[in-house]
Amino acid sequence: MENIKAPRGVRDILPDESWKWASIFDVTRKIAEDFGYREVHLPIFEQTELFSRGIGETTDVVEKEMYTFSDRSGRSLTLRPEATASMVRAYLEHGMASGPQPSKLWCAGPMMRYERPQKGRYRQFWQLDFEAIGSSSPLVDVEVIALSLEIFRRLGLSNLEVLVNSVGCPVCRPVYRSALQAYLGGHFESLCPTCQGRYDRNPLRILDCKVPTCRSITDGAPDVRDHLCEECRVHFDEVLKGLALIGAKFRIDKRLVRGLDYYTKTAYEVLSGDLGAQNAVCGGGRYDNLAEAIGGPHTPGVGFAAGLDRIVLTMEQQGLGFGKEPSIFATVVIADEGARDEGLRLLYELRKAGVPTDMDASGKGMKAQMKAAGAAKAAYVCLLGSSEVVKGVVALKEMSTGTQAEIERDRIVAELVLKAGAARC
RNA sequence: GUGAGCGUAGCUCAAUUGGUCAGAGCACUGGACUGUGGCUCCAGUGGUUGGGGGUUCAAGUCCCCUCGCUCACCCCA
2 MENIKAPRGV
12 RDILPDESWK
22 WASIFDVTRK
32 IAEDFGYREV
42 HLPIFEQTEL
52 FSRGIGETTD
62 VVEKEMYTFS
72 DRSGRSLTLR
82 PEATASMVRA
92 YLEHGMASGP
102 QPSKLWCAGP
112 MMRYERPQKG
122 RYRQFWQLDF
132 EAIGSSSPLV
142 DVEVIALSLE
152 IFRRLGLSNL
162 EVLVNSVGCP
172 VCRPVYRSAL
182 QAYLGGHFES
192 LCPTCQGRYD
202 RNPLRILDCK
212 VPTCRSITDG
222 APDVRDHLCE
232 ECRVHFDEVL
242 KGLALIGAKF
252 RIDKRLVRGL
262 DYYTKTAYEV
272 LSGDLGAQNA
282 VCGGGRYDNL
292 AEAIGGPHTP
302 GVGFAAGLDR
312 IVLTMEQQGL
322 GFGKEPSIFA
332 TVVIADEGAR
342 DEGLRLLYEL
352 RKAGVPTDMD
362 ASGKGMKAQM
372 KAAGAAKAAY
382 VCLLGSSEVV
392 KGVVALKEMS
402 TGTQAEIERD
412 RIVAELVLKA
422 GAARC
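Per my numbering: the first sequence = residues 2 to 426.
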């Protein structure tokens, strides 16, 4: 066990941090209920084809970021790099189309991508994933976006930017693509090398380039909105109208394109101003062709994924609170060995009664036990020595004030249950 | 995959031009206060200075390699 460390790009979420994560899950779970989304737990590995066909063979994720391996029977499996494809797979596999539509589902869990780690980017990262599958209504797009914004609102996040765009559909995207290529062709020599490479493979990505010269070229590029087909144009307008109606703050960004092939129509992103270069805290959109791509019937869907690691980073950066950190409520302190048995009994009576209680197990001196109680931020100490045991009492010390009083042994549990209950409110 | 910066006790960091430089604070454990925490004081545990090689009388301190971390490109949550 010497020198074995966690693999590159993964990390341990330790107690000082994990309780913050738990509080975010609490908030998320409540919002899911408020919006009518039900939780599912999905496998963290799937057949490789699910992702290669669903996300798109030529995407970066599939080409170079997947953890793919064969199991002992030779099947090719892949650690999930995202959840949407799994969600749609589960929807199809369990015939959810026969239930009320759309199926509104969510899940939370780790995703794995083989990338170079940097601020806000890990090889195993956590996402909150919400999907509404089985409806093509723009109101569902609105709901999904609104849900993500509600999460950030309740967590108290500020300095966020919401970008919305439409990436069209198989009917109009090729038209726009050609128009874009025609325009960019005139500036080909001025584009950066990577963009020149993107020109044929994925010209839409050039809109996203950060190189200043590319940006100034694309400033004058044709706008997707002028090339959407009737259906996509109407859909986009409805989404924008719906967002405006519910008072969502957002900006239309014609440069917004998504890296995954399955997106159609609505694409959106939420950016945090308090992260590094990896500033997307949430991204999503509509994927009406995903189900077919993985072998199912045509099934529209829309959803988003929010990055938990990045949410936590942003919240810490903004100095936001995470609710109350759990701590022990009472500590049983033994003054001498003659009280140890009684102390043990009291410890478990309190625990059974639901009072978070601890007690030293290693035979430390009383002073050390008191110190530990203080360090654990216990609100009360139940002090037991031989004399207390004989008298049938417990010396109850309130740590914040230092005051101490003797309570009858048979009343102590009820007393602490009461105090603990009051402390929770 | 590419580039830059950095790697000294659990944590945060010291160590003049290579020469008692392997230290401090915090944390932890114990003690001063033999039945009482948060303050103070004292002591102790803890490092083959990421690893390997080289230069030198002498290297955390210079050179090379390697591993790792961080940030950025790329891409995205």
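The beta-carbon is built from N, C-alpha and C at its ideal position, and this holds for glycine as well.
Pairwise C-alpha distance: residue j and residue i
i, j, result
"Val172", "His228", "10 Å"
"Ala33", "Ala369", "45 Å"
"Arg9", "Arg412", "54 Å"
"Arg428", "Leu129", "Outside the displayed range of the chain (2 to 426) lies residue 428, so it cannot be described from this structure."
"Gly428", "Asp209", "Here the chain comprises residues numbered 2 to 426, so residue 428 is not present and cannot be evaluated."
"Gln125", "His299", "31 Å"
"Pro301", "Tyr381", "57 Å"
"Cys426", "Glu47", "44 Å"
"Val143", "Leu244", "6 Å"
"Leu181", "Arg199", "12 Å"
"Ala354", "Ala406", "21 Å"
"Thr60", "Thr195", "15 Å"
"Cys170", "Val11", "36 Å"
"Asp13", "Lys6", "11 Å"
"Glu270", "Ile45", "24 Å"
"Ser138", "Tyr38", "17 Å"
"Glu18", "Arg216", "39 Å"
"Ala421", "Ala23", "21 Å"
"Leu397", "Thr29", "39 Å"
"Gly157", "Phe323", "10 Å"
"Ala281", "Trp127", "13 Å"
"Met400", "Ala374", "9 Å"
"Arg311", "Leu419", "39 Å"
"His236", "Val303", "13 Å"
Contacting residues, own chain, Cβ-Cβ under 8 Å from residue i (five flanking each side not counted)
i, result
"Arg252", "Glu162, Val163, Leu164 and Val165"
"Ile335", "Arg341, Gly344, Met360, Asp361, Met367, Gln370, Leu385 and Gly386"
Reduced DSSP category for residue i - H, G, I as helix; E, B as strand; rest coil
i, result
"Ile218", "helix"
"Lys105", "strand"
"Arg39", "strand"
"Tyr264", "coil"
"Phe70", "strand"
"Gly322", "coil"
"Arg252", "strand"
"Tyr115", "coil"
"Gly339", "helix"
"Glu270", "strand"
"Ser77", "strand"
"Ala86", "helix"
"Val240", "helix"
"Glu18", "helix"
"Val440", "Nothing can be reported for residue 440, as the shown portion of the chain is limited to 2 through 426."
"Phe46", "strand"
"Thr332", "strand"
"Gly110", "strand"
"Thr60", "coil"
Beta-carbon contacts of residue i that lie in its chain and below 6 Å, excluding the five residues immediately before and after
i, result
"Glu326", "Trp20"
"Ile329", "Pro357, Asp359, Ala377 and Ala379"
"Met67", "Thr79 and Pro82"
"Met97", "Ser104"
"Asp220", "none"
"Pro118", "Gly10"
Same chain only: Cβ atoms within 7 Å of residue i, ignoring 5 sequence neighbours per side
i, result
"Phe70", "Leu78"
"Glu3", "Because Glu3 carries a pLDDT of 43, less than 50, the predicted location of this residue cannot be relied on, and the following value inherits that uncertainty. The answer is none, since no qualifying residue turns up."
"Leu148", "Ile32, Phe36 and Phe131"
"Ile295", "Leu51, Arg54, Gly55, Ala86, Val89 and Arg90"
"Val394", "Glu407, Ile408, Glu409 and Arg410"
"Glu350", "Val414"
"Phe305", "Phe131, Val145, Ser149, Cys283, Gly284 and Gly285"
"Arg352", "Thr358"
"Cys233", "Ser167, Gly169, Cys170, Cys173 and Lys266"
"Ser159", "Gln319"
| For the region 242 to 258 against the region 214 to 232, are there 3 or more C-beta pairs whose distance is under 8 Å? | yes
| Segments of 3+ residues assigned as beta strand (DSSP E) that fall wholly inside the region 286 to 319 | 302 to 308
| said: Quick check on the DSSP output: what are the complete alpha helix (DSSP H) runs of length 4 or more inside the region 120 to 166, in order along the chain? | reply: 139 to 156
| message | Tell me whether the region 201 to 219 and the region 103 to 123 touch, counting them as touching only if at least three CB pairs, one residue from each stretch, are closer than 8 Å. | response | no
| said: For a minimum of 3 consecutive residues, which ranges assigned as the beta strand (DSSP E) are wholly contained in the region 347 to 425? | reply: 358 to 360, 381 to 385, 394 to 399 and 405 to 409
| message | Three or more C-beta pairs under 8 Å: does that hold for the region 385 to 392 against the region 338 to 351? | response | Touching, yes.
| query | Hey, which unbroken runs of the alpha helix (DSSP H) at 4 residues or more fall wholly within the region 163 to 236? | reply | Complete alpha helix (DSSP H) runs here, min 4: 174 to 186, 194 to 202 and 213 to 220.
| message | Does the contact criterion of 3 or more C-beta pairs under 8 Å hold for the region 134 to 142 versus the region 92 to 102? | response | Judged by Cβ distances under 8 Å, the region 134 to 142 makes contact with the region 92 to 102, as three or more pairs qualify.
| message | Between the region 312 to 325 and the region 267 to 277, can you find at least three pairs of beta-carbon atoms closer than 8 Å? | response | Contact between the region 267 to 277 and the region 312 to 325 is established, with three or more Cβ pairs separated by less than 8 Å.
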